[in-house]
Amino acid sequence: MICITVTPESRKFGKVDILNAARKGDIIEVCLDRLLREPDIKDLLSVTDKPIIVSCRRREDGGQWDGTEEERLMLLRQAIVAGPAYIELDLAVAGDIKRFGKTQRVISFTRLDRPEPDLDAVFDEASQAQADVVKFTWPTPTIDDAWPLLRAVSQKKSAPIVGIGLGRAELTFSLLGYKYGSPWIYAALEKGMEAFEGQATVFELEETYALREIDRHTGFVAVAGGGDSQTSAIRVLNSGFRELGMNVRCLPVVPGEVASLKKMLDALKIRAVVVGGEYGAALLPLADTIDPLDRSWGFVDLLLRRDDGWHGYSTLWRSGLKALESTLGKGADGKGPLAQRSVLVLGNGAVAYGMAAATAQRGGLVSLCGPSDKESQQSATKLGCRFVPFQNLYDTLADVAIIADRGLEVGSAHGCINAAVLRPQMTVLDVSDPPVQHELFVEARLRGCKLVSPEAVSADRLAAQFKGITGQELSAKAQAAGAGAVAAG
Numbered sequence: 075m076i077c078i079t080v081t082p083e084s085r086k087f088g089k090v091d092i093l094n095a096a097r098k099g100d101i102i103e104v105c106l107d108r109l110l111r112e113p114d115i116k117d118l119l120s121v122t123d124k125p126i127i128v129s130c131r132r133r134e135d136g137g138q139w140d141g142t143e144e145e146r147l148m149l150l151r152q153a154i155v156a157g158p159a160y161i162e163l164d165l166a167v168a169g170d171i172k173r174f175g176k177t178q179r180v181i182s183f184t185r186l187d188r189p190e191p192d193l194d195a196v197f198d199e200a201s202q203a204q205a206d207v208v209k210f211t212w213p214t215p216t217i218d219d220a221w222p223l224l225r226a227v228s229q230k231k232s233a234p235i236v237g238i239g240l241g242r243a244e245l246t247f248s249l250l251g252y253k254y255g256s257p258w259i260y261a262a263l264e265k266g267m268e269a270f271e272g273q274a275t276v277f278e279l280e281e282t283y284a285l286r287e288i289d290r291h292t293g294f295v296a297v298a299g300g301g302d303s304q305t306s307a308i309r310v311l312n313s314g315f316r317e318l319g320m321n322v323r324c325l326p327v328v329p330g331e332v333a334s335l336k337k338m339l340d341a342l343k344i345r346a347v348v349v350g351g352e353y354g355a356a357l358l359p360l361a362d363t364i365d366p367l368d369r370s371w372g373f374v375d376l377l378l379r380r381d382d383g384w385h386g387y388s389t390l391w392r393s394g395l396k397a398l399e400s401t402l403g404k405g406a407d408g409k410g411p412l413a414q415r416s417v418l419v420l421g422n423g424a425v426a427y428g429m430a431a432a433t434a435q436r437g438g439l440v441s442l443c444g445p446s447d448k449e450s451q452q453s454a455t456k457l458g459c460r461f462v463p464f465q466n467l468y469d470t471l472a473d474v475a476i477i478a479d480r481g482l483e484v485g486s487a488h489g490c491i492n493a494a495v496l497r498p499q500m501t502v503l504d505v506s507d508p509p510v511q512h513e514l515f516v517e518a519r520l521r522g523c524k525l526v527s528p529e530a531v532s533a534d535r536l537a538a539q540f541k542g543i544t545g546q547e548l549s550a551k552a553q554a555a556g557a558g559a560v561a562a563g
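The opening position of the sequence shown corresponds to residue 75 in the numbering used here, with each subsequent residue numbered one higher.
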C-alpha cells in the first residue's frame, strides 16, 4: 500500500489535501506539526473513509513542531480520542501515552545523523511500548545505508516494520520494501508537498517506477545513478519489459562500496545493472570480465551477470560514434567518416576519455580540453592525442566538437566554457548525459551548428542495453515512454 503524507499549514487546506490524497493513496498520514492553529482532528478525519495516520513530530525527528512538549503530547492524546486508524508515537514518549480504543500504534524511531546500528534493541523497546507497527527513519545517501532497513523489513517479526530513507536511496528502499512485504511505503501527493527533501511523489512511484505492478515474484534490473537521464531510461526499459510480458522492472540504485554492492545484487538476484555516467568509472571493478578496449577506457554503462561472473560493457561510445558517423556521412577517398577530421573533445572524466580514445581509433585527429588541465594533459598523453590548455580553447579550430562531460558549465566565469567556441560549420555531438541536452548543445543549435542529438544517442544505447538484457528488440513505442522524463526535467 502507498501512504501519502500531507503536511497542511491550515485546517481548511488540510481537508482539501486529505481529500486529494485519498484519491491516490491507500493510507493517508496527516502531520499536525505544521498547522498554524490548533486543529479539529475529528473534522479532519471525517474527510475520508480511508485509514489515516496522525503524527506530530519534533524538529529533532524531522518535524516542524514549535510548541512545548506538553502541548504536543496533549495534541497526540486528543488525536487518539478522535479515533484515527493509526497514531504515530516517537519511541521516547510512547510509554507515556496509553492505548485507547481501536487506534493502532505506530512506534517510530528516527536518527537524522546516521543509520541505527542496533535495530533489534530498538525493535524490542518499541514492542514493549505496545507497537502494532514499528517505523524506522534515517539517512540513506547510498544503498549501503538503506540495506539494514531493508533486511529488517524482509524479516518476520512480532510486529511489521515500515521505514523512510532520507536521501537518494529512499526510492530503492521503497520499491524493495513494497516487494518484500512492508505494510506500506510513503509518498508525497505532489511536488512541493514532500514531508522531506527528495521524497518521491505517488505519480512517480506509479508512472515511472511501476510500483503497482511489483509483487513478490518481480525481478529487478538495477539502474545506477540519478537525474533525468536515469528516469528516462527507467521509463523506457519498464515499458519494454511490460510489452514483452516480463515480470521485471527497474530498481534505481545509488551505489556505495563496490564489494558490498556485489553481495547485495546477488542477494536480490539482480542480474543486470544499467550504469549512469556518474558511476561508469566507479563500477568498473564490479566487472569480472570486460573487453580489453572497454577496460582500457575505464568506463562501463552495462553490467550483466553470467554463469562465470559479471561482464561489463561500454555502449555509450559505440552509440555516440554511430550517430556521429551517420550524420557526417562517408569520408573522402572511401575512408571512414571521421578519418582526418579534427575533433575537439570537451570535458574531463571517463566519458571524455572514452570518446577521445574511440574517435582516435576511427581516424579522427583528436584534441582534448577540459577545465582541469592536469587531467586533460594526462589523458591526452596516455592516448597519444593533442592536449589543448583550457585557456587556449578559443584559439582551437575543429570540424567536430564532442560535449562529453555533464559537469561542464557555460558562461564567462573562470572554469566555464563560453559558447563562442562553437562555430556554424561545426558538427556538435552531445554525449554528456543522454538524452538530456547540455546547455552547450542548446547554444550550438542557436549558433547554427550541425547537430547530433543526445536523444538519438540515448535511443541507440537503450536499444543495445535492452537487447543485452532480454535478447529482444526494443520497440519505438517503448522508446517514446522516456520522452516525458526529459521534458519534465
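Just so you know, even glycine gets a beta-carbon here, dropped at the ideal spot from N, CA and C.
- Given a length threshold of 3 residues, each whole run of the beta strand (DSSP E) inside the stretch 235–301 is given here in chain order: 235–240, 259–262 and 293–298.
- Annotation for Lys-124: no beta strand (DSSP E) segment contains it, and DSSP assigns it neither H nor E.
- Residues Asp-504, Val-505, Ser-506, Asp-507, Pro-508, Pro-509, Val-510, Gln-511, His-512 and Phe-515 of the same chain have their beta carbon placed closer than 8 Å to that of Pro-528, with the five preceding and five following residues left out of the count.
- By DSSP's assignment, His-385 forms a beta bridge with Thr-363 and Leu-378.
- Assigned with DSSP and collapsed to three states, Arg-185 falls in coil, not helix or strand.
- When DSSP states are grouped into helix, strand and coil, Trp-212 belongs to the strand group.
- Taken through DSSP and simplified to helix, strand or coil, Glu-144 comes out as helix.
- In the structure shown, the three-state DSSP call for Lys-524 is strand.
- Rounded to whole angstroms, the separation of the alpha carbons of Val-80 and Trp-391 is 45 Å.
- With fewer than 16 neighbouring CB atoms inside 10 Å of its own CB, Leu-471 falls in the exposed class.
- Its chain contains Val-322 as the residues whose beta carbon lies nearer than 6 Å to that of Gly-293, once the 5 sequence neighbours on both sides are disregarded; these appear in chain order.
- Per DSSP, Tyr-427 is one residue of the alpha helix (DSSP H) stretching across 424–435.
- Taking 8 Å as the upper bound for CB-CB distance, Val-227 and Ser-256 are in contact here, some 5 Å apart.
- Under the DSSP assignment, Leu-223 falls in the alpha helix (DSSP H) whose first and last residues are 217–228.
- In this chain, the beta strand (DSSP E) harbouring Ile-477 covers 474–477.
- Counting other Cβ atoms within 10 Å of its Cβ, Thr-214 reaches 16 or more and is therefore classed as buried.
- By the CB criterion at 7 Å, Arg-535 and Ser-393 fall inside the cutoff.
- Between the stretch 303–320 and the stretch 191–202, the count of Cβ pairs shorter than 8 Å is below three; the stretches do not touch.
- Nearest to Val-526 by alpha-carbon distance, out of Leu-395, Leu-520 and Ala-554, is Leu-395.
- Here Phe-464 carries a helix assignment [DSSP, helix/strand/coil].
- Counting along the chain, the unbroken beta strand (DSSP E) around Thr-79 starts and ends at 76–80.
- Selection Gly-403, Gly-410, Gly-408 and Arg-460 evaluated against Ala-430 yields Arg-460 as nearest (Cα-Cα).
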